[in-house]
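Below is one structure; the comments refer to it alone.
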Ligand code: HEM
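Chains as they are written, first to last, in the numbering used here: chain A, 1 to 127; chain B, 1001 to 1145.
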């Protein structure tokens, strides 16, 4: 029952990622065509364009959301693949533990960075 | 709560990759798995690399370590993997929710399978993925400026 619930979340996460990562791709990989959220021209990933996005609350919030949802979706997906190898229950527990720690650690790092760069971009814009 | 019943995966790793006599969906599934793993590997590194900007380190801008053509190619491959995984993933979610597989019918010979019913959806999604990929390729080749 619990595993079914985790899997349902995995599917739901896929739908959320579809929209958020879809937007990310439109900005980063199709920027030459879409020119979305890159007001300074040139490369979408240039430092000025990057700082511009970091300064907008919309990006700070959606980066953190995408970070969490994609970490869950990806690590759960890898866990599913590994579990198909019919692991011993203790190994399954260990894999789950390692993935939870890894996921939370990277989520913490990314969230910290998104907030710090938001603050830097804001003060930069004011000062 | 009852323990899950465990079955031995006799084929091991080859059980993942072999399509056997299954239809094109089986290969779509293998590719979904490979692209999912590829994107995940990139994503884990991407989190660390982009977090460095909190310390003022921008490795991907012009002159930066990741601005080299080989990494640009790698990023395009990630984009391609995304185009496939995202659109095939939407198909999987729809099918899982019962869309595009037709109504349940009695198992009367000659048997019909819902796989064939959803195939137009697979084809439509692959066409969309191809269009997306072409747009990304156009950009990757520097044609959109
Ligand atoms: C773009 C939106 C995405 C959608 C709509 C999506 C959809 C899906 C779906 C429906 C599955 C489950 C297949 C199944 O259990 O039958 C799946 C599996 C998976 N996804 Fe995604 N996904 C997306 C993005 C991502 C991203 C960004 C990553 C990496 C961080 C990722 C990594 C994986 C992995 C590793 C699997 C497991 C593959 C397997 O069990 O064969 N996906 N995805």
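Yeah, the Cβ is synthetic: ideal placement off N, Cα and C, and Gly gets one too. A quick note: this is a predicted structure, and the numbers were derived from the prediction, not measured.
If residue 29/A and residue 1079/B are in contact, beta carbons under 8 Å, what's the gap, nearest whole angstrom? In the first chain, residue 29/A corresponds to position 29, counting from 1. In the second chain, residue 1079/B corresponds to position 79, counting from 1. The Cβ separation is near 5 Å, so the contact holds.
Can you pull the chain A residues whose beta carbon is under 7 Å from the beta carbon of residue 1071/B, in chain order? Here residue 1071/B corresponds to residue number 71 of the second chain, with the count starting at 1. Counting only Cβ-Cβ distances below 7 Å, residue 1071/B has no contacts in chain A at all, with the closest Cβ about 12 Å away.
Is there a Cβ from chain A that is less than 8 Å from the Cβ of residue 1014/B? Looking up residue 1014/B in the second chain gives position 14. Closer than 8 Å: no.
Would you report the Cα separation of residue 79/A and residue 1029/B, rounded to the nearest angstrom? The count along the first chain starts at 1 and reaches residue 79/A at position 79. The count along the second chain starts at 1 and reaches residue 1029/B at position 29. Near 16 Å, if we compare the C-alpha coordinates of residue 1029/B and residue 79/A.
So which residues of chain B does residue 5/A contact, with C-beta pairs closer than 7 Å? Counting from 1 along the first chain, the entry for residue 5/A is found at position 5. Those within 7 Å of residue 5/A in chain B number zero; the least Cβ separation is about 12 Å.
Residue 1045/B by DSSP, collapsed to three states: which one? Here the question's residue 1045/B lines up with position 45 in the second chain. Here residue 1045/B sits in helix by DSSP.
By the criterion of Cβ-Cβ separation under 7 Å, what are the contact partners of residue 1043/B in chain A? In the second chain, counting from the first residue as 1, residue 1043/B sits at position 43. Those within 7 Å of residue 1043/B in chain A are 70, 74.
Taking the alpha helix (DSSP H) that residue 8/A falls in, what are its first and last residues? Numbered from 1 along the first chain, position 8 holds the residue referred to as residue 8/A. Per DSSP, residue 8/A is one residue of the alpha helix (DSSP H) stretching across 2 to 28.
Do residue 97/A and the ligand HEM come close, with the Cβ less than 7 Å from some heavy atom? Here residue 97/A refers to the residue found at position 97 of the first chain. Relative to the ligand HEM, even the nearest heavy atom lies 7 Å or more away from the CB of residue 97/A.
Would you please verify whether the beta carbon of residue 1098/B is less than 8 Å from any beta carbon of chain A? The residue given as residue 1098/B occupies position 98 in the second chain. For residue 1098/B, the answer is no, since every Cβ of chain A falls outside 8 Å of its Cβ.
Min CB distance residue 1089/B to chain A below 8 Å: Mapped onto the second chain, residue 1089/B falls at position 89. Yes, residue 1089/B counts as interfacial toward chain A.
For residue 1065/B, return the contacting residues in chain A, with the cut-off set at a CB-CB distance below 9 Å. Position 65 of the second chain, counted from the start, is the residue given in the question as residue 1065/B. Within 9 Å Cβ-Cβ: nothing; residue 1065/B doesn't reach chain A, min ~13 Å.
DSSP three-state assignment for residue 1138/B, whether helix, strand or coil: Here residue 1138/B refers to the residue found at position 138 of the second chain. Residue state, collapsed to three classes: helix.
Contacting residues, own chain, Cβ-Cβ under 6 Å from residue 1121/B (five flanking each side not counted): Start at 1 with the first residue of the second chain, and residue 1121/B comes out as number 121. So the list reads 1091, 1100, once near-sequence residues are dropped.
Please determine, among 115/A, 61/A, 110/A, the residue with the shortest C-alpha to C-alpha distance to residue 1049/B. Residue mapping note: residue 1049/B aligns to position 49 of the second chain, counting from 1. Residue 110/A is the option with its Cα nearest to residue 1049/B.
Could you pull the start and end residues of the alpha helix (DSSP H) that residue 55/A belongs to? As a position in the first chain, residue 55/A is number 55, starting the count at 1. Counting along the chain, residue 55/A falls outside any alpha helix (DSSP H), and DSSP gives it neither H nor E.
Under 7 Å: does the beta carbon of residue 1037/B sit that close to some heavy atom of the ligand HEM? Counted from its first residue, the second chain places residue 1037/B at position 37. Checking the Cβ of residue 1037/B against the ligand HEM gives yes.
Under a Cβ-count criterion, where at least 16 other Cβ atoms within 10 Å of its own Cβ denotes burial, should residue 60/A be classed as buried or exposed? In the first chain, counting from the first residue as 1, residue 60/A sits at position 60. Result: buried.
Does the distance from the C-beta atom of residue 1032/B to that of residue 1116/B stay below 8 Å? Position 32 of the second chain holds residue 1032/B. Position 116 of the second chain holds residue 1116/B. Contact flag unset, no.
With a threshold of 7 Å, establish whether the CB of residue 1093/B neighbours any heavy atom of the ligand HEM. Looking up residue 1093/B in the second chain gives position 93. For residue 1093/B, the shortest C-beta to heavy atom distance toward the ligand HEM is below 7 Å.
Distance, Cα to Cα, residue 83/A vs residue 123/A? Position 83 of the first chain, counted from the start, is the residue given in the question as residue 83/A. Position 123 of the first chain, counted from the start, is the residue given in the question as residue 123/A. Taking the straight line from one Cα to the other gives about 47 Å.
May I ask you to verify whether the region 32 to 39 of chain A touches the region 87 to 94 of chain A, counting CB pairs closer than 8 Å and requiring at least 3? Fewer than three beta-carbon pairs drawn from the region 32 to 39 of chain A and the region 87 to 94 of chain A are found closer than 8 Å, and the two stretches are therefore not classed as touching.
Chain A partners of residue 1040/B, CB-CB under 8 Å? Within the second chain, numbered from 1, the residue matching residue 1040/B stands at position 40. Chain-ordered, the chain A residues with CB closer than 8 Å to the CB of residue 1040/B read 74, 75, 77, 78.
So is residue 1130/B in contact with chain A if we call contact Cβ pairs under 8 Å? Here residue 1130/B refers to the residue found at position 130 when the second chain is read from its first residue. No Cβ of chain A is located within less than 8 Å of the beta carbon of residue 1130/B.
Report whether the distance from the Cβ of residue 86/A to the nearest heavy atom of the ligand MN is below 7 Å. With respect to the ligand MN, the structure shown offers nothing to examine, as its ligands consist of the ligand HEM.
Quick one: does residue 1053/B have its CB under 8 Å from some CB of chain A? For the purposes of this step, residue 1053/B is identified with residue 53 of the second chain, where counting begins at 1. Any Cβ of chain A closer than 8 Å to the Cβ of residue 1053/B would place that residue at the interface, and such an atom is present.
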